[in-house]
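Novice: Pasting a structure below so you can have a look.
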Amino acid sequence: MAIAKTASILILFFALACNADMTRKPEPIAGPDMFKNKNVAKDVLLPGEQIINVVDFGAIGDGKFDCTQVCHETTGPARLLVPPGRFLVSSMFFSGPCTAASPVTIQVQGTVAATVDVSEYENGDWLMFQKLDGLKIIGGGIFDGQGKDSWQYSQNCESSADGSCARNPSSLFFSDANNVVVQGIRSVNPKGFHIFVTKCTNVRLRKLKLLAPATSPNTDGIHISHSDTVIISRNTIATGDDCISMIQGVKNIFINKLRCGPGHGISIGSLGKYPNEVEVKGVRIQNCSLTDTTNGLRIKAWPDKYPGAASDISFSNIIMQNVKNPIIIDQEYECHPDCKKKPSLVKLQNIHFANVRGTTSTPLAVDLRCSQLYPCQGITVRDIDLKVGLAPTISQCVNTKPLFGGLLMPPACL
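Okay, structure coming up:
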């Protein structure tokens, strides 16, 4: 492979860093949605937009050329172009505020590959975008996490009850950012999550392909926490963990036309794991398909832990093929069978399942296990048609009295 197309550390990526500070903790930002009522699917060069081609500015593979000042000295619209080729990059921050006009665009046409050695990622993630207002990542290119060798070190932080767990690096990490569009790129073989979004507003994730083997541990496709207004549309996710996972503090999440599988399905939670958790509120999931997943539509909460809440959640127009646990509310998470722990302190209300159809690999197609202390309120189940071979499917309701309606297979819980 030509040295011009590889780099041990591509320091040029700091050209977008604006303030390339590896230690400073940025303050949260928020503001109006700059992409509202705009066709974000259409990429148009802005008047006066400066194109910064990584090759033209010294991406020669020697790991020595620092192009940070290029972005510092740019005051108009700026676009970082990664042309066809393969560029090897270690852990990096892209930290604002930028002097360049918003939005800053990263156009990836080639492959950006992570270094293999997981010990190089002391900051926790691979490519980290923080305190930015206006960012587009486009171009049809590939982010290759080269995670295979690191999967043997992966820990299941989700089921770690005491929180003493170090997760593998996420490929793309967004924190304290506003007005972010990630569109048309591929992420393959991440060390940890493909995409991690936290403390962000106005995020759009569109037409992505997030791919990893079904056996790759803890490789969630999109993981979201403490974020408001995240729109996830027309994505294909085939990975080793949840296609999409949402935990505390998310609100106004819209997921549309997701193709998920293999993987662990779509999950909210786990909830109630930590003190002072922020409520999950306003999640709408529609027009999705799940194939060969170990779970379908899942909400999970810990027993005998801390208070929490989730409300105003809807799942509609979902097609399933060979899905285990198609519809599940589990407030006895990691406590099966015959849980003897104290009931969950998480309150769940106004949760709706409608027009879910297809096939399951297990007879128990609707499994609603709520807290004895705080039974689920306002649960509706309507127009469900789930089959398992020639055998009938069944439903189970514990500590909840859902409102059933329409065509029902399995039949309503008694």
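Residues 0 to 413 (numbering that gives the first Met the number 0) make up the sequence shown, in order.
In this text, a Cβ means the ideal position worked out from N, Cα and C, and glycines have one as well.
Any idea what DSSP makes of D148, helix, strand or coil?
Specialist: helix
Novice: Indicate whether S266 and N234 have their beta-carbon atoms separated by less than 8 Å.
Specialist: no
Novice: I'd like to confirm the pairing. Which residues does DSSP put opposite S310 in its beta bridges?
Specialist: Under the DSSP definition of a beta bridge, S310 partners with K280, Q348.
Novice: Between the stretch 102 to 109 and the stretch 137 to 148, do at least 3 Cβ pairs fall closer than 8 Å?
Specialist: yes
Novice: Does the beta-carbon distance from S153 to P216 come in below 8 Å?
Specialist: yes
Novice: What is the residue span of the beta strand (DSSP E) that M127 lies within?
Specialist: 126 to 129
Novice: Could you check the C-alpha separation between A364 and V181 for me, to the nearest Å?
Specialist: 35 Å
Novice: What are the boundary residues of the beta strand (DSSP E) that includes T114?
Specialist: Careful: T114 lies outside any beta strand (DSSP E) and carries neither H nor E.
Novice: So, is V43 buried or exposed, given that buried needs 16 or more other C-beta atoms within 10 angstroms?
Specialist: exposed
Novice: So for S288, helix, strand or coil by DSSP?
Specialist: S288 sits in a strand when the DSSP states are folded into three classes.
Novice: For S394, I'd like the list of residues in its chain whose CB is within less than 7 Å of its CB, leaving aside the five on either flank, ordered along the chain.
Specialist: A364, V365, P409, P410, A411, C412
Novice: According to DSSP, simplified to helix, strand and coil, what is S118?
Specialist: Helix.
Novice: Is P325 near the ligand NAD - that is, is its Cβ less than 7 Å away from at least one heavy atom of it?
Specialist: Among the components modelled here there is no ligand, and therefore nothing to report on the ligand NAD.
Novice: Could you pull out every residue in the same chain whose Cβ sits closer than 6 Å to the Cβ of V345, ignoring the five residues on either side in sequence?
Specialist: Around V345: L270, G271, A300, G307.
Novice: Please classify K190 as buried or exposed, where buried requires at least 16 neighbouring CB atoms within 10 angstroms.
Specialist: Within 10 angstroms of the beta-carbon of K190 lie 16 or more other beta-carbons, which makes it buried.
Novice: Looking only at C-alpha atoms, which of F86, V179, R381, D311 sits nearest to N349?
Specialist: D311
Novice: Between the Cα of R185 and the Cα atoms of C199, L207, P168, V179, which residue gives the shortest distance?
Specialist: L207
Novice: How big is the Cα-Cα spacing for Y373 and S170?
Specialist: 38 Å
Novice: Determine, using beta carbons only, whether G123 and P168 come nearer to each other than 8 Å.
Specialist: Going by C-beta atoms, G123 is nearer than 8 Å to P168.
Novice: When DSSP builds the beta bridges, which residues end up paired with A99?
Specialist: Its beta-bridge partners do not exist; DSSP assigns none.
Novice: Considering just the uninterrupted stretch of the beta strand (DSSP E) at H222, what are its terminal residues?
Specialist: It spans 221 to 224 - the beta strand (DSSP E) in which H222 sits, taken as one unbroken run.
Novice: For I231, count neighbouring Cβ atoms within 10 angstroms of its own Cβ and tell me buried if that reaches 16, exposed if not.
Specialist: It counts as buried.
Novice: With the cut-off set at 8 Å, would you say P389 and T359 are in Cβ contact?
Specialist: In the sequence as presented, Pro is not what sits at residue 389; that position holds Leu. Their beta carbons are not under 8 Å apart, which means L389 does not touch T359 by this criterion.
Novice: Please tell me whether V279 and A309 are closer than 8 Å, where the distance is taken between their beta carbons.
Specialist: yes
Novice: Indicate the three-state DSSP secondary structure (helix, strand or coil) for F93 in the structure shown.
Specialist: strand
Novice: Take G404 and list the residues in its own chain whose beta-carbon comes closer than 6 Å to its own, dropping the five residues that flank it on each side.
Specialist: R381
Novice: What is the residue span of the beta strand (DSSP E) that I420 lies within?
Specialist: Residue 420 cannot be examined here, being either before or after the span of the chain that is shown, 0 to 413.
Novice: In three-state terms, what does DSSP make of K135?
Specialist: strand
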